[in-house]
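Only one structure is covered here, and it is reproduced in the block below.
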Amino acid sequence: MSSTPNPLDEIFQAVLGGDEDAFDALFRRLHAPLLGYARSLRAEQGEAADAVQNAFVRLWTQRETFDASGSVRALLYTMVRNDMLSRKRKESRRRELRGAHAGPEKGPRTPSEHAAGRALRQRVQKWIAALPERRQEAFRLSRFADLTHEEIARVMDISPRTVETHIRLALEDLRERLTAYDPDLLPS
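Residues in the sequence shown are numbered consecutively from 785, following this note's numbering.
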């Protein structure tokens with residue numbers, strides 16, 4: 785079975801060789817999806833932007849140390865994920881030291897929930913957020929970041945089979961909730 789070459793892999797090879805134009809092209813292609821992923825981890829806009837910037841800076845400054853045979857998308861998503869997890873741990877320690885209690889991380893509700901489409905999107909986002917953390921992360925990487933199961937497995941440091949299980953269970957849960965919400969929304 786022959787596979788077509790991934791243009792990102794070719795760009796990655798050039799980046800590892802020190803090509804600044806290739807780095808710029810990689811940045812332009814992956815910045816927005818990585819920023820969206822960082823935001824999906826409940827990061828504030830500034831934190832998310834910092835995590836993505838740190839990943840690209842690290843990729844460029846340490847390019848000689850990275851394995852050229854791996855997926856650059858998986859590598860960058862992993863770096864962003866690790867940065868965000870590190871930030872969460874540091875913030876948690878700061879709260880503990882201050883004795884502060886963590887408040888809810890959800891933003892304010894919008895007054896325009898009367899629109900059916902908007903209300904349903906919001907409900908689905910809540911349902912996704914209610915999934916167990918690892919299942920939610922696998923689902924978001926699959927559906928919103930468009931990563932393959934193998935790339936998700938590398939990002940999350942789990943097997944592709946476990947990724948499949950997380951996504952299957954997430955879809956089953958969402959289908960169940962959607963059916964209970966409005967049975968007419970799903971085909972029979």
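Where a beta carbon is used, it is the ideal one built from N, C-alpha and C, also for glycine.
Quick caveat: nothing in here was measured; it's all calculated off a predicted structure.
Which listed residue (the options) has its alpha carbon closest to that of residue i
i    : options                   : result
A776 : F807, L958 and Q846       : For residue 776 there is no data in the structure shown, the boundaries of the chain being 785 and 972.
R865 : L925, R952 and D930       : L925
V939 : I951, F928, A922 and E948 : A922
E875 : V908, E828 and W911       : E828
F928 : F811, H815, A937 and G820 : G820
V908 : A954, T932 and K872       : A954
Cβ separation of residue i and residue j, assumed to be a contact under 8 Å, to the nearest whole Å
i    : j    : result
L800 : Y861 : That pair is no contact at about 18 Å.
R813 : L843 : No, R813 and L843 are not in contact; Cβ-Cβ is about 13 Å, not under 8 Å.
Burial state of residue i, where buried means 16 or more other Cβ atoms lie within 10 Å
i    : result
V841 : exposed
R878 : exposed
D867 : buried
S870 : exposed
A852 : exposed
First through last residue of the alpha helix (DSSP H) which encompasses residue i
i    : result
G830 : Q829 to T845
Any alpha helix (DSSP H) of 4 or more consecutive residues that is wholly inside the segment 892 to 948: Correct list: 900 to 914, 917 to 927 and 933 to 940.
Quick one: which unbroken alpha helix (DSSP H) runs of 4-plus residues sit fully inside the segment 785 to 810? Chain order, please. With a minimum length of 4 residues, the unbroken runs of alpha helix (DSSP H) contained wholly in the segment 785 to 810 fall at 791 to 800.
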